[in-house]
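>
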Amino acid sequence: MINPFQQCHRGRFRSLWIFLVFISGILTSCSNEIEGEVFEEDTAYNVETPTYFPALAFDTDKNPVTVNGVALGKKLFYEGKLSRNNTISCGFCHIQEYAFTHHGHPVSHGIDDKLGMRNAPAIQNMAWLKNYTWDGVSHNLDERSLVPITTDFEMDSSIPEVISKLNADANYKKMFKSAFGDDTINGERILKALSQFMVTMVSADSKYDQVKNGKASFTNEESQGKTLFQNKCAGCHSGELFTDESYRNTGMYYNSQYDDRGRYRVTLDW
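Shown next as structure tokens:
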């Protein structure tokens, strides 16, 4: 028997779902992949910047985004040597075909198959954000990757350990020299290269974006979904990035299995 509530609202939720599909076009909207090719003379990387997005939050003066820097960052993003036993890369949990999330898992699992507290968040359009991770513990994209590298249930490594491994690889020495001018490998450069790659993950060609740019039109059902979203969801998911970067108590119960205390881990304030 169909629940009367489900029967009454099925059409509205289907419209909302269709609208959400079109605003989450990360699979086709990310910038073209960097294949790791290193050029002798580095050049600035042209980061896609949609005109209707908010102001860029990422400081390109402190970390200029370059073609070789992005290529190095991509190689590091998929590099297992960032973990203690060389098995876990950033891309292990941030899977591109699943919008850079760990789809299919209630929570992400890392080294030695240890369970984390949450599922890995999507990482598109991070250059326009000021806070990172679900609880906002990170405020600087150039330092963001330090958390998973050192967390015991993610990569369980350390920057000195990673540096030692990369220094033993002649190709990495060459790539660091191409990206930063000399072959010195240090923590700052590792983290900056990773953030340069993440800056290129721009989602701005979904159907929502195409409609925004006057290149497409919503169907009637998609328009209904947009209206429902604006009335019921946009209180939190507002603006062109669909977030106001604030934090809400949604009333979810505490699950002792994952020991996720939410924003409390950052503020120590219930």
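Residue numbering for the sequence shown follows our numbering, beginning at 2 and increasing consecutively. For every residue, glycine included, the Cβ atom is placed at its ideal position computed from N, Cα and C.
#1: Around the Cβ of Arg249, are there at least 16 other Cβ atoms within 10 angstroms (buried) or fewer (exposed)?
#2: Short check: CB of Phe198 to CB of Gly111, under 8 Å?
#3: Mind checking Cys91: buried by the 16 CB within 10 Å criterion, or exposed?
#4: Take the Cβ of Ala100 as the centre, count every other Cβ of all protein chains shown within 10 Å, and call the residue buried at 16 or more, exposed below.
#5: Where do the N-terminal and C-terminal ends of the alpha helix (DSSP H) with Ala72 fall, by residue?
#6: Under a Cβ-count criterion, where at least 16 other Cβ atoms within 10 Å of its own Cβ denotes burial, should His106 be classed as buried or exposed?
#7: Thinking just about the alpha-carbon of each residue, which of Lys131, Thr88 and His104 is nearest to the one in His95?
#8: If you count every other CB in all the chains shown that lies within 10 Å of the CB of Ala205, and 16 or more means buried, which is it?
#9: Could you check how far apart the C-beta atoms of Lys227 and Ala217 are, in whole angstroms? I think they sit under 8 Å.
#10: Based on DSSP bridge pairs, tell me the residues matched to Tyr133.
#11: Sort Glu42, Gly70, Lys63 and Asn256 by Cα distance to Thr201 and report the nearest one.
#12: Buried or exposed, going by whether 16 or more other CB atoms sit within 10 Å of the CB of Arg145?
Walking through what the data contain:
#1: Indexing the sequence shown from 1 puts residue 249 at position 248. Counting Cβ neighbours within 10 Å, Arg249 comes out exposed, since fewer than 16 surround it.
#2: Position 197 of the sequence shown, counted from the first residue, corresponds to residue 198. Position 110 of the sequence shown, counted from the first residue, corresponds to residue 111. Contact flag unset, no.
#3: Along the sequence shown, one-based indexing puts residue 91 at 90. Buried: at least 16 other Cβ atoms inside 10 Å.
#4: Working through the sequence shown from its first residue, we reach residue 100 at position 99. Ala100 should be labelled buried.
#5: Taking the sequence shown and counting its residues from 1, the one referred to as residue 72 is at position 71. Taken as a continuous stretch (DSSP letters only), the alpha helix (DSSP H) holding Ala72 covers Val68 to Phe78.
#6: Sequence index remark: in the sequence shown, residue 106 carries index 105 (1-based). Label assigned to His106: exposed.
#7: In the sequence shown, residue 95 corresponds to position 94, counting from 1. Among Lys131, Thr88 and His104, the Cα nearest to that of His95 belongs to His104.
#8: Looking up residue 205 in the sequence shown gives position 204. Answer is buried; the Cβ neighbour count reaches 16.
#9: Counted from its first residue, the sequence shown places residue 227 at position 226. Counted from its first residue, the sequence shown places residue 217 at position 216. Not really, about 13 Å apart at Cβ, beyond 8 Å.
#10: Your numbering for residue 133 matches position 132 in the sequence shown. Tyr133 pairs with Ser139.
#11: Against the sequence shown, residue 201 aligns to sequence position 200. Ranking the options by Cα distance to Thr201, first place goes to Gly70.
#12: Here the question's residue 145 lines up with position 144 in the sequence shown. The residue in question, Arg145, is buried, as its Cβ has 16 or more Cβ neighbours within 10 Å.
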